[in-house]
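Numbering (our numbering), first residue to last: 44 to 439.
Below is one structure, written out as C-alpha cells; comments come after it.
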Ligand code: PLP
C-alpha cells in the first residue's frame, strides 16, 4: 500500500487554526475583555423566512408515505426540477440562458471546487490568483499538479489579467475572497479570449456574486460572450442566502464546453452520478425558495445588511486614511496594515490593543503579506463597536 504522497506537499493549513488558537489564548488571559471577531467568513443573519417555510414543508413531505422522497431524481444527477427551474430563473434575470442539464446541484461550492479536478488530467498546469481562497491551491497540490500564480496587487487593483502564462486551468474568483475586488465584464472578456486561444478552461468561482451591485461588474462569467465554450461556474447558496450550515450550491458546466472532442458536461455528469448521491431534499427545497420573487426580496434585505456593515468599515478606514479595497461589491474589506507592518504583527497588535480579530492577509498567499481582511458578516452592533475601537486605537 502506498499513500498519495502529494498530500505530503501540502503546507500546514494553519491560517484559521492559528487565528483560533491565538484568539482562545487571548480570551483565556483576558476573560474580562469582549473580543469582536471581524475575521469570520461565516454568516450571522438567520435564513430567509421563505426558505425556512419551504424546508418545513419538505420535512412534512418526508413524514407522509404519499409524498415521501428517497434518493433524488437521477435524470439531473439527483437535483429536483423545481430547484433547477429556480436557478435557471435566477440566471435568466442576469441575461444568461441555461438548460437544466447544464446545472449540477451540489452540497456547496467547496466540494465541487475540489471534485471538479477529477475530470482534468494530472499534467495540466493551473493558474491561481495570489492572494485567494486557499482551496484552489491545496486541491491541486493534493492532485500533484503544477501551479502558477497570478499576482493580485495594488498595481493591478488586485485583479490580475492574462499575461501569457502557459496555463490549462485558470481559477478566477470574483468578487474575490479575500480582496473583495471584482472583475468588470470587459476584464472577463479578456480572460475568455485568453482561455479560448489556449484551449484552457476557466473555473469561475461566483460564491459572492450576490454582493455585486455595480452594473459594469459581472455576476456570472456567462454574461461574457463566448464564455460557455471555455468556463465552468461554481456557485453557492452559502453567502447568497445564509446556507453555510444548510449546505447547497450549484455548478454550471455548459454543453458547449468541449475539449479533445469530449463534452466536459458529460464527463462531469458521469463523475457525479458515480461518486455523488445528491443533496438532501430539505436543502434543495429551501434553496428553490431562495430564488422565488419573495425569496429574492428577503435575501436582498440580508445582503443589504452586510453591505451596510461593509460601508461602515470602509468609512472608518477612510477617516483613518488607511488604504483599502473591496467592501462595495463584496462582503470583504481588504486593508493595508498601517505603518507597513506585516499581517501577523498587525493581527497581534489589533487583538491586544482593540480586542478585534481579523484575518492576516499573508494566509491567503504571499501577495497578501502586509494586508489584513475584515468581514462584513458580523452583527451591526459588533461592526459599529469594532469601528469605534479602530478609531480610538488607530486615530490620531
Ligand atoms: N468559494 C469561496 C471563494 C469562498 O470564500 C467559500 C467559502 O468561504 C466557498 C467557495 C465555499 O462555499 P460553500 O459554503 O458553498 O462550500
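Note that beta-carbon positions come from the ideal geometry of N, C-alpha and C, so glycine has one too.
Helix, strand or coil at residue i according to DSSP, with G and I counted as helix
i: residue 380; result: coil
i: residue 156; result: helix
i: residue 88; result: coil
i: residue 48; result: helix
i: residue 237; result: helix
i: residue 194; result: strand
i: residue 283; result: helix
i: residue 149; result: strand
i: residue 57; result: coil
i: residue 306; result: strand
i: residue 264; result: helix
i: residue 357; result: helix
i: residue 99; result: helix
i: residue 269; result: coil
i: residue 278; result: strand
i: residue 324; result: helix
i: residue 121; result: coil
i: residue 342; result: helix
i: residue 511; result: Limits of the chain in this structure are 44 at one end and 439 at the other, which puts residue 511 out of reach.
i: residue 227; result: strand
i: residue 317; result: helix
i: residue 162; result: helix
i: residue 289; result: coil
i: residue 422; result: coil
i: residue 400; result: strand
i: residue 107; result: coil
i: residue 76; result: coil
i: residue 436; result: helix
i: residue 251; result: coil
heavy atom of ligand 1 below 7 Å from residue i C-beta
i: residue 84; result: yes
i: residue 134; result: no
i: residue 24; result: Residue 24 lies beyond the range of the chain shown here (44 to 439); nothing can be said about it.
i: residue 127; result: no
i: residue 323; result: no
i: residue 176; result: yes
i: residue 153; result: yes
i: residue 217; result: no
i: residue 281; result: yes
i: residue 248; result: yes
i: residue 220; result: yes
i: residue 287; result: yes
i: residue 156; result: yes
Start-to-end residues for the beta strand (DSSP E) that takes in residue i
i: residue 216; result: 212 to 216
i: residue 247; result: 244 to 248
i: residue 391; result: It is not in any beta strand (DSSP E) - residue 391 instead sits in the alpha helix (DSSP H) that spans 386 to 397.
i: residue 173; result: 168 to 173
i: residue 417; result: 414 to 418
i: residue 292; result: 292 to 295
i: residue 368; result: 367 to 369
First through last residue of the alpha helix (DSSP H) which encompasses residue i
i: residue 179; result: 178 to 185
i: residue 299; result: Premise fails: residue 299 is in no alpha helix (DSSP H) and is neither H nor E.
### Query
Contact between the region 274 to 290 and the region 150 to 159: three or more CB pairs below 8 Å?
yes
### Message
Any contact between the region 164 to 183 and the region 286 to 296? By contact I mean 3 or more CB pairs, one from each, below 8 Å.
### Response
no
### Stretch-stretch touch, CB-based, cutoff 8 Å, three pairs: the region 353 to 367 with the region 413 to 432
yes
### Message
Tell me whether the region 382 to 396 and the region 233 to 241 touch, counting them as touching only if at least three CB pairs, one residue from each stretch, are closer than 8 Å.
### Response
no
### Query
Does the region 399 to 409 come close enough to the region 74 to 81 that 3 or more CB-CB pairs lie under 8 Å?
yes
### Task
For the region 349 to 361 and the region 370 to 387, state whether three or more C-beta atom pairs, one from each stretch, are separated by less than 8 Å.
yes
### Task
Give a yes or no on contact between the region 322 to 330 and the region 339 to 350, applying the rule of three or more CB pairs nearer than 8 Å.
no
### Message
Check whether the region 241 to 259 and the region 212 to 227 are in contact - that is, three or more C-beta pairs closer than 8 Å.
### Response
yes
### Query
If we count Cβ pairs, one from each stretch, closer than 8 Å, do we get three or more for the region 315 to 322 versus the region 80 to 99?
no
### Task
Determine, using beta-carbon pairs with one atom in the region 422 to 439 and one in the region 200 to 207, whether at least three such pairs fall under 8 Å.
no
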